[in-house]
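Reading through the structure tokens given below for one structure.
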Amino acid sequence: MARKKIALIGGGNIGGTLAHLAALKELGDIVLFDIVEGLPQGKSLDIAQSGPVDDFDARMTGANDYSAIAGADVCIVTAGVARKPGMSRDDLLGINIKVMQSVGAGIKEHAPDAFVICITNPLDAMVWVLREICGLPHNKVVGMAGVLDSARFRHFLADEFDVSVEDVTAFVLGGHGDTMVPLTRYSTVAGIPVPDLVKMGWTTQENIDAIVQRTRDGGAEIVGLLKTGSAFYAPAASAIQMAEAYLKDKKRVLPCAAHLDGQYGLENIYVGVPTVIGAGGIERVVEIDMTADERAMFDKSVGAVRGLIAACKEIDPSLG
Ligand code: APR
């Protein structure tokens, strides 16, 4: 069987880490694409030279031309710029919409059968724009946020309880950002819900509230520490888990920014919900019951995403 092909569009911090992880896991041959000449070629060669040490076989290619992504099975998009001091939200949107236009056109022409995972921020709006431009089926275009947000939540909970991260599950809903909705009653240690752990005296409600807030602010905390960039190890690991679920038809239940077409009473929006990822892409959106409080938080988050999508449509009226 021929190896799968993974195209990474954007060869910056996340793109380079994605390439390294995909190679280590032997997910397939890898094309790293960027507009900066030399950057994807240099990173690809460097990673290829680690192959003999780490025992992986993956053809690594760096490219500045979209023809290199031809026939890719998976495309992971990190192309774009991060918000810099003094830049308004609309400035950032304007730049990244243009980036999504060129990336979307490249995917449409060269990799129309791919499963596309978008990471570029602001995530829920950018994945919506990318889907509009590339025109692929909605179930084949998805945003990476929930796996990262729930990984952050799991890390903090495991730390609080002094247990293995492997035994902690966490559940988040909503947009990627400060309106994200971590659901503690669906978050567990070995199946024991967090509210029960509070009752059992493992922690206090105050500590859980602080962890929820720290999870919401997870990205900003790392930007504050790094000062010149944003998180890249955990975002890359999260997208690789989604790619692997697709390539190996694992039918993993993962929270992702998925297109909603009636689910949760919402239409034509990308927002974080639990999904099943297998060979069919997003094979199912899992609809859970929410309490009135949870629904109110979710609706607030949906409102924030709708606001971003409306701003995108104002900047580029040809969208949607
Ligand atoms: N086409 C392809 N690549 C592009 C384009 C474009 N039109 N515009 C910019 N790039 C490339 C840049 O050259 C850079 O190498 O995208 C890369 C982005 O890399 P970094 O700046 O290192 O950003 P990174 O940390 O990888 O994050 C990428 O993911 O989490 C989000 O907010 C984050 O939107 C950002 C994205």
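In this note's numbering, the protein residues as written are 1 to 320.
Note that beta-carbon positions come from the ideal geometry of N, C-alpha and C, so glycine has one too.
Just so we're clear, the structure is a prediction, and the values are computed from it rather than from any experiment.
Out of the options, state which residue places its alpha-carbon closest to the alpha-carbon of residue i.
| i | options | result |
| --- | --- | --- |
| Cys118 | Ile14, Glu287, Ala2 | Ile14 |
| Asp189 | Val163, Arg214, Asp149 | Note on identity: in this sequence residue 189 is Val, with Asp being the wrong assignment. When only C-alpha atoms are compared, the closest one is Val163. |
| Glu132 | Gln241, Ala105, Phe153 | Ala105 |
| Asn121 | Gly320, Asp316, Pro317, Cys312 | Cys312 |
| Ile76 | Ile30, Val53, Glu37 | Ile30 |
| Val36 | Met144, Leu136, Ala79, Ser50 | Ala79 |
| His176 | Ser88, Ala220, Lys140, Thr203 | Ala220 |
| Lys5 | Gly265, Ala296, Tyr246, Pro317 | Tyr246 |
| Lys98 | Met126, Arg83, Gly71 | Met126 |
| Lys108 | Ala234, Ala72, Ile277, Ala82 | Ala72 |
| Asp178 | Met297, Ile269, Gly38, Tyr186 | Met297 |
| Asn268 | Ala22, Met200, Ala258, Pro195 | Ala258 |
| Lys140 | Val276, Val165, Gly201 | Val276 |
| Ala239 | Asp90, Asn96, Gly62, Val116 | Val116 |
| Gln101 | Cys134, Lys84, Ala111 | Cys134 |
| Leu39 | Asn64, Val302, Gly146 | Asn64 |
| Asp217 | Asp54, Thr61, Pro182 | Pro182 |
| Lys227 | Leu148, Thr203, Leu24, Lys84 | Lys84 |
| Arg185 | Pro317, Thr291, Ile69 | Thr291 |
Return the first residue and the last residue of the beta strand (DSSP E) that residue i is part of.
| i | result |
| --- | --- |
| Leu8 | 5–9 |
| Gly174 | Counting along the chain, Gly174 falls outside any beta strand (DSSP E), and DSSP gives it neither H nor E. |
| Met60 | 60–63 |
| Val29 | Checking the sequence, you will find Asp at residue 29 rather than Val. Residues 29–33. |
Are the CB atoms of residue j and residue i within a distance shorter than 8 Å?
| i | j | result |
| --- | --- | --- |
| Leu27 | Ala19 | no |
| Lys43 | Gly16 | yes |
| Pro255 | Gly281 | no |
| Ala48 | Val74 | no |
| Ile315 | Gly94 | yes |
| Asp249 | Gly278 | yes |
| Val198 | Ser187 | no |
| Ala236 | Leu21 | yes |
So, does the CB of residue i fall closer than 8 Å to a CB anywhere in chain B?
| i | result |
| --- | --- |
| Ile208 | Of the protein chains in the structure, only one exists, and it is not chain B. |
Since residue i contacts residue j with CB under 8 Å, what's their CB separation in whole angstroms?
| i | j | result |
| --- | --- | --- |
| Gly12 | Phe33 | About 11 Å separates the two Cβ atoms, so there is no contact after all. |
| Val172 | Phe156 | Rounded, the Cβ-Cβ distance is 12 Å, inconsistent with contact. |
| Glu393 | Ile211 | No statement about residue 393 is possible, as the shown extent of the chain runs from 1 to 320 and does not include it. |
| Val285 | Val253 | About 11 Å separates the two Cβ atoms, so there is no contact after all. |
| Ala145 | Leu123 | 5 Å |
First and last residue of the alpha helix (DSSP H) that includes residue i?
| i | result |
| --- | --- |
| Thr78 | No alpha helix (DSSP H) contains Thr78, which DSSP labels as neither H nor E. |
| Phe56 | Unbroken run through Phe56: none, as it is neither H nor E. |
| Asp46 | 39–48 |
| Val103 | 89–110 |
| Leu21 | 13–24 |
Inset, instruction - Write down every uninterrupted run of the beta strand (DSSP E) in the segment 226–294 whose length is 3 residues or greater and which is fully enclosed by it, in chain order. - result: 252–261, 267–278, 281–285
Legend entry - Completely contained alpha helix (DSSP H) runs for the segment 183–217, where each covers 4 or more residues: 194–199, 205–216
Inset, instruction - Would you mind listing the beta strand (DSSP E) stretches within the segment 114–155 that are 3+ residues and don't spill past its ends, in chain order? - result: 115–118, 141–143
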